[in-house]
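Q:
Numbering (our numbering), first residue to last: 193 to 551.
(1) Inspect the beta-carbon positions of residue 293 and residue 276 and report whether they are closer than 7 Å.
(2) Are the beta-carbon atoms of residue 493 and residue 249 separated by less than 7 Å?
(3) Please tell me whether residue 326 and residue 392 are closer than 7 Å, where the distance is taken between their beta carbons.
(4) Do you know offhand how far residue 321's Cα is from residue 239's?
(5) Quick check on this structure: which residue in 428, 221 and 454 has the alpha carbon closest to the alpha carbon of residue 421?
(6) If you draw a straight line from the C-alpha of residue 216 to the C-alpha of residue 479, how long is it?
(7) Take residue 242 as the anchor and find which of 424, 231, 220 and 235 has the nearest alpha-carbon.
(8) Cβ atoms of residue 457 and residue 416: under 7 Å apart, would you say?
(9) Near residue 445, what residues of its chain come up, given a Cβ to Cβ distance below 8 Å and the 5 sequence neighbours on each side ignored?
(10) Taking only the alpha-carbon atoms, compute the straight-line gap between residue 228 and residue 361 and give it to the nearest angstrom.
(11) From what residue to what residue does the beta strand (DSSP E) around residue 418 run?
(12) Can at least three beta-carbon pairs, one atom from the region 431–440 and one from the region 460–479, be found at a separation below 8 Å?
(13) Could you check what DSSP says for residue 274 in three-state terms: helix, strand or coil?
(14) Beta-carbon of residue 322 versus every beta-carbon of chain B: anything under 7 Å?
(15) With residue 398 and residue 516 assumed to form a contact (beta carbons below 8 Å), what rounded beta-carbon distance in angstroms separates them?
(16) Between the alpha carbons of residue 285 and residue 467, how many angstroms are there, rounded?
(17) Considering only the alpha carbon of each residue, which of 521, 491 and 423 lies closest to residue 288?
(18) List the whole-angstrom C-beta distance separating residue 414 from residue 460, where the pair is believed to meet the contact cut-off of C-beta under 8 Å.
(19) Less than 6 Å between C-beta atoms, sequence neighbours within five positions excluded: which residues of the same chain meet that for residue 348?
(20) For the beta strand (DSSP E) containing residue 425, name the first residue and the last one.
(21) Using the C-alpha atoms, what's the distance from residue 418 back to residue 269?
(22) For the alpha helix (DSSP H) containing residue 480, list its first residue and its last residue.
(23) Can you grab the Cα-Cα spacing for the pair residue 233 / residue 218, in whole Å?
(24) How about residue 318 and residue 310: are their beta carbons less than 7 Å apart?
(25) Leaving out five residues on either side along the sequence, give the residues of the same chain with a beta carbon under 6 Å from the beta carbon of residue 359.
(26) Find the nearest neighbour of residue 512 within the set 426, 260 and 411, judged by alpha-carbon distance.
(27) Quick check: residue 450 and residue 487, are their CB atoms within less than 7 Å of each other?
(28) Within its chain, find whatever has a CB closer than 8 Å to the CB of residue 443; leave out the 5 residues flanking it on each side and keep chain order.
(29) Pull up the distance between the alpha-carbon of residue 428 and that of residue 329, whole angstroms please.
(30) Terminal residues of the continuous beta strand (DSSP E) containing residue 394?
(31) Reducing DSSP to helix, strand and coil, say where residue 326 ends up.
(32) For residue 221, name the three-state secondary structure that DSSP assigns.
(33) Between which two residues does the alpha helix (DSSP H) containing residue 282 stretch?
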């Protein structure tokens, strides 16, 4: 999903840039071997060095910090755009995404909005699209209280600032967390590293399976499905088997059954055809409408805190898991990526580059 800063003035600003720079774009990137480089060259755009005049900078999230840093940053001119918002992490960092969505729901409740309506069990009817999640170490006591309501549940722990499945593990016993980070004398939760925060979420243990395997959706303007290489089982004996539980290609590519030709991926259109043939067109349309609803509501949740700079746009990637009742769940959102290892459907979209003109 693409977004631009200052949706009214920003759109006109970007269209104006595209008109002015047509065929004369001077671009920079700090991401080597990217499919983007081929795209830029195909259009006759001119590559320049970072210290030269440039119009378009496709940069990493590390570089964007420097660009907008008070100490080291500089003022962007009217003919320059970059591919990140200064504080894109309000949506793309796992803990902040959940924090902003929770705040958004509470604000709607205070306003008496019908969107914040709850059912008889106290669950949001329209805004229940993120698994129950707590931040650790801050919410440890709240997590324990929730865990004890259903001690047979499985939870998934993720470091807030990492990607590609790094540092993720599943637990189904409090003792597993205690072993990880608890001070038994004071009964207070102490993180292994004071610099590294985690989120812990109720694990979706009833995912929709295709061919017996778990999958998720990685959605950009287009997108694809990522499959595990080992058939899914909720058995506690397999909690440590990441080939069963994590769809990240960075994990799955090391599995014995990984297919290097198609990378364990389907296009979203193939998924849709499969669901229409097995579940029916009506419920399939409803599912994709709900996914669109999730994306819109998540963007609304961060709109008040996002730094809307007219020089910025973002191509967000949404990770969605569908459960066996065809309910979609938002797992996380990722920022514009390097795309140097883009999959075939994503590569095709980038090479045609229509989405930039639609921003």
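Every residue gets a Cβ at the ideal spot worked out from N, C-alpha and C, and that includes glycine.
A: In terms of the structure at hand:
(1) Not a contact, by the Cβ cut-off of 7 Å.
(2) Taking a C-beta distance under 7 Å as the contact criterion, residue 493 and residue 249 do not qualify as a contact pair.
(3) A Cβ-Cβ contact shorter than 7 Å links residue 326 with residue 392.
(4) Roughly 42 Å separates the two Cα atoms.
(5) Looking at the Cα atoms, 454 is the closest of the given residues.
(6) Per the coordinates, the alpha-carbon of residue 216 lies some 42 Å from the alpha-carbon of residue 479.
(7) Of the listed residues, the one whose Cα sits closest to residue 242 is 220.
(8) Residue 416 places its beta carbon less than 7 Å from that of residue 457.
(9) Take residue 445, set aside five residues on each side of it, and the residues of its chain with a beta-carbon closer than 8 Å to its own are 452 and 455, in chain order.
(10) About 33 Å.
(11) DSSP places residue 418 in the uninterrupted beta strand (DSSP E) bounded by 415–419.
(12) No, the region 431–440 is not in contact with the region 460–479.
(13) If DSSP states are grouped into helix, strand and coil, residue 274 belongs with the strands.
(14) You won't find chain B in this structure, because it holds only one protein chain.
(15) Residue 398 to residue 516, Cβ: 5 Å. Contact.
(16) When rounded, the distance between both Cα atoms is 31 Å.
(17) It is 491 whose Cα lies nearest to the Cα of residue 288.
(18) At roughly 7 Å, the Cβ-Cβ gap stays under 8 Å, so residue 414 and residue 460 are in contact.
(19) Cβ neighbours of residue 348 within its own chain (closer than 6 Å, five residues either side excluded): 362, 393 and 395.
(20) In the DSSP assignment, residue 425 falls outside any beta strand (DSSP E), carrying neither H nor E.
(21) Distance between the alpha carbons of residue 269 and residue 418: 40 Å.
(22) Note, residue 480: alpha helix (DSSP H), 473–494.
(23) Roughly 11 Å separates the two Cα atoms.
(24) No, the pair does not count as a contact, with Cβ atoms beyond the cut-off.
(25) Excluding positions up to five away in sequence, the list reads 351.
(26) The candidate whose alpha carbon is nearest that of residue 512 is 411.
(27) Note that the C-beta distance between residue 450 and residue 487 is not below 7 Å.
(28) Excluding residues within five positions, the ones whose Cβ falls inside 8 Å are 356, 357, 434 and 435.
(29) Rounded to whole angstroms, residue 428 to residue 329 spans 25 Å at the Cα level.
(30) Per DSSP, residue 394 belongs to the beta strand (DSSP E) from 390–394.
(31) Three-state result, residue 326: strand.
(32) Three-state result, residue 221: strand.
(33) DSSP places residue 282 in the uninterrupted alpha helix (DSSP H) bounded by 281–284.
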